[in-house]
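Accompanying notes for the structure given below.
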Amino acid sequence: MTIGCPECGALEDTSELAGRTLARCRVCHYPLERTSGRSVGAALACSLTTFVLLLPGNLSPLMTVHLLGAERSAQLGTGIVLMWKEGFQLLAVVLGMTGIVLPIVRFSALSVVLSAVLLGWRPRWLGRCYRWTLWLDAWAMPDVFLIGCFVGYSRVTQQLTGSIDAGGYCFIAAAFMSMLTRATLDRRTVWRAIAPEHQLTPGERVLSCTACDLIAPVELAGHPCPRCALTLRKRKPGAISRAAALSVAAFVLAFPANFYPMTISYQLGHAVTHRIVDGVAELFQAGLWPFGILIFCTSIAIPFVKLAGIAWFVASVLRRSDRHLRTKTHLYRLIDELGRWSNVDVFTIAAFVPLIRFDGIANARPYDGATAFALVVILTMAASRAFDPRLMWDAAQERHAQAGPAQARHA
44 MTIGCPECGA
54 LEDTSELAGR
64 TLARCRVCHY
74 PLERTSGRSV
84 GAALACSLTT
94 FVLLLPGNLS
104 PLMTVHLLGA
114 ERSAQLGTGI
124 VLMWKEGFQL
134 LAVVLGMTGI
144 VLPIVRFSAL
154 SVVLSAVLLG
164 WRPRWLGRCY
174 RWTLWLDAWA
184 MPDVFLIGCF
194 VGYSRVTQQL
204 TGSIDAGGYC
214 FIAAAFMSML
224 TRATLDRRTV
234 WRAIAPEHQL
244 TPGERVLSCT
254 ACDLIAPVEL
264 AGHPCPRCAL
274 TLRKRKPGAI
284 SRAAALSVAA
294 FVLAFPANFY
304 PMTISYQLGH
314 AVTHRIVDGV
324 AELFQAGLWP
334 FGILIFCTSI
344 AIPFVKLAGI
354 AWFVASVLRR
364 SDRHLRTKTH
374 LYRLIDELGR
384 WSNVDVFTIA
394 AFVPLIRFDG
404 IANARPYDGA
414 TAFALVVILT
424 MAASRAFDPR
434 LMWDAAQERH
444 AQAGPAQARH
454 A
């Protein structure tokens with residue numbers, strides 16, 4: 044049985060990978076098989092538990108703070124609703140979708156898929172549904188929202204008395220279970236259960252699906268994949284232009300995101316603005332240096348590393364560079380994995396803004412920098428998803444192919 048490596052395009056015989064707890068691509072060292080500690084049953088238990096816990100986690104109060112006899116409680120969506128009412132509709136939609144709606148959709152759909160696999164039920168839509176659950180893995184962010192809530196709660200309780208409510212404990216458990224779902228999900232086994240791979244015929248010209256890695260004859264290009272129903276392409280269409288355009292847009296927005304305030308606070312009638320760097324400095328001054336390092340890495344370092352990395356990848360393809368291919372492939376994988384964690388800062392705003400609502404004493408609201416920053420995160424994530432790392436290996440092969448005849452003529 045043969046599959047195509049999703050990062051370099053090399054064809055791999057899965058029979059040679061069988062029995063290994065961790066099997067890597069022979070060319071780029073991408074982890075093709077990872078079976079240790081993973082099973083369909085464990086992933087189903089974790090996914091279903093996550094879905095069940097998300098319901099009270101979304102509907103019940105997360106935390107409560109007290110000031111001079113008054114108290115304020117917040118649910119998961121309270122800050123998002125306040126953002127909408129304050130005129131930050133785009134920010135509210137981004138956080139509402141990634142923090143509330145998409146996690147419920149992902150884990151409910153994933154539970155259905157894994158249940159069907161265990162029961163031996165194979166409806167025609169199963170592969171398509173599983174493909175969407177994997178795509179939503181990056182965009183459903185209960186774990187990122189949880190870290191944002193921790194940072195927001197820590198900032199608020201520096202000045203006020205607070206407590207975590209029942210909904211907060213449910214959401215904490217749901218976020219941890221979502222991470223366990225990712226850790227226990229054996230993606231390759233589920234794909235094989237939906238539809239097995241077939242053996243490559245010697246000399247057969249094939250392409251691999253960009254979603255499930257199934258190989259198919261090149262004549263099927265433009266048709267739906269037999270396993271996941273994605274349109275079969277040799278490479279992602281418009282990968283270079285789309286990744287470059289999205290990265291340029293993110294780079295432009297990075298300046299207002301870092302120089303405009305993320306929030307504005309009102310304390311006894313005095314307005315105080317907070318940029319990203321101000322929030323990092325306050326966390327260090329308050330002794331919360333682990334959170335300060337976290338926010339610095341996720342909100343300042345990672346976005347610019349992502350932009351620099353994508354620029355390097357695009358330049359590598361355009362220049363047909365054959366240098367550091369494995370390094371660039373590993374960096375691409377790291378950028379694609381870490382991109383979602385940059386949203387911690389905006390989720391922090393959604394967590395603590397509704398708790399600072401004491402009229403005449405203290406108040407807080409988001410500001411323009413928060414919307415710009417959320418868009419930077421979304422655009423850089425979309426850019427890394429649009430790019431196809433196999434193009435870097437294709438460009439290097441083209442360079443070698445052209446250099447070979449030229450060297451022969453010179454000899």
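Remember, my numbering sits 43 above the position in the sequence shown when you count from 1. The beta carbon of each residue, even a glycine, is placed where N, CA and C say it ideally should be. On a predicted model such as this, the values are computed, not experimentally measured, just so you know.
Extent of the continuous alpha helix (DSSP H) run through residue i
i: residue 132; result: 132-139
i: residue 50; result: Per DSSP, residue 50 belongs to no alpha helix (DSSP H) and is neither H nor E.
i: residue 74; result: No alpha helix (DSSP H) holds residue 74; the beta strand (DSSP E) holding it covers 74-77.
i: residue 147; result: 145-162
Buried versus exposed call for residue i [16 or more other C-beta atoms within 10 Å across all chains shown]
i: residue 109; result: exposed
i: residue 115; result: buried
i: residue 139; result: buried
i: residue 49; result: buried
i: residue 434; result: buried
i: residue 454; result: Confidence at residue 454 is low in this model, with a pLDDT of 31, below 50, so its placement is unreliable and no value can be given for it.
i: residue 82; result: exposed
i: residue 444; result: exposed
i: residue 231; result: buried
i: residue 415; result: buried
i: residue 97; result: buried
i: residue 118; result: buried
i: residue 296; result: buried
i: residue 247; result: exposed
Contact set for residue i: own chain, Cβ-Cβ below 6 Å, skip 5 residues either direction
i: residue 89; result: 220, 223, 224, 227
i: residue 209; result: 103
i: residue 207; result: 106
i: residue 279; result: 253, 431
Integer Cβ distance of residue i from residue j, believed to fall under 8 Å
i: residue 155; j: residue 233; result: Not really, about 12 Å apart at Cβ, beyond 8 Å.
i: residue 337; j: residue 290; result: Going by Cβ atoms, the distance from residue 337 to residue 290 rounds to 24 Å, so no, they are not a contact pair.
i: residue 420; j: residue 385; result: 4 Å
i: residue 141; j: residue 182; result: 6 Å
i: residue 315; j: residue 187; result: In fact, because the Cβ distance is near 26 Å, the residues do not count as touching under 8 Å.
i: residue 343; j: residue 319; result: 6 Å
For residue i, the first and last residue of its enclosing beta strand (DSSP E)
i: residue 116; result: 113-117
i: residue 315; result: 313-317
i: residue 93; result: Where residue 93 is concerned, there is no enclosing beta strand (DSSP E), although the alpha helix (DSSP H) it sits in stretches over 83-102.
i: residue 329; result: Segment: none, residue 329 is in no beta strand (DSSP E) and carries neither H nor E.
i: residue 306; result: 306-310
i: residue 67; result: 65-67
i: residue 121; result: Where residue 121 is concerned, there is no enclosing beta strand (DSSP E), although the alpha helix (DSSP H) it sits in stretches over 121-128.
i: residue 110; result: 106-110
Nonlocal neighbours in the same chain, by C-beta distance under 7 Å from residue i, ignoring five residues either side
i: residue 74; result: 65, 67
i: residue 287; result: 357
i: residue 323; result: 335, 338, 339
i: residue 216; result: 96
Own chain residues within Cβ distance below 8 Å of residue i, not counting five before or after
i: residue 205; result: 106, 107, 108, 109, 196, 199, 398
i: residue 492; result: Lying outside 44 to 454, the shown extent of the chain, residue 492 is not represented and no answer is given.
i: residue 268; result: 170, 252, 254, 255, 257, 259, 274, 275
Residue i CB to nearest heavy atom of the ligand SAH below 6 Å
i: residue 313; result: This structure lacks the ligand SAH; in fact it carries no ligand of any kind.
Every unbroken alpha helix (DSSP H) within the segment 183-227, with a cutoff of 4 residues, ordered by chain: 185-199, 209-227
Alpha helix (DSSP H) runs wholly inside the segment 344-422, at least 4 long, in chain order: The segment 344-422 contains these whole alpha helix (DSSP H) runs: 345-362, 368-381, 387-395.
Continuous beta strand (DSSP E) assignments of at least 3 residues falling wholly in the segment 220-299: Listed in chain order, the complete beta strand (DSSP E) runs (minimum 3 residues) inside the segment 220-299 are 249-251, 258-260.
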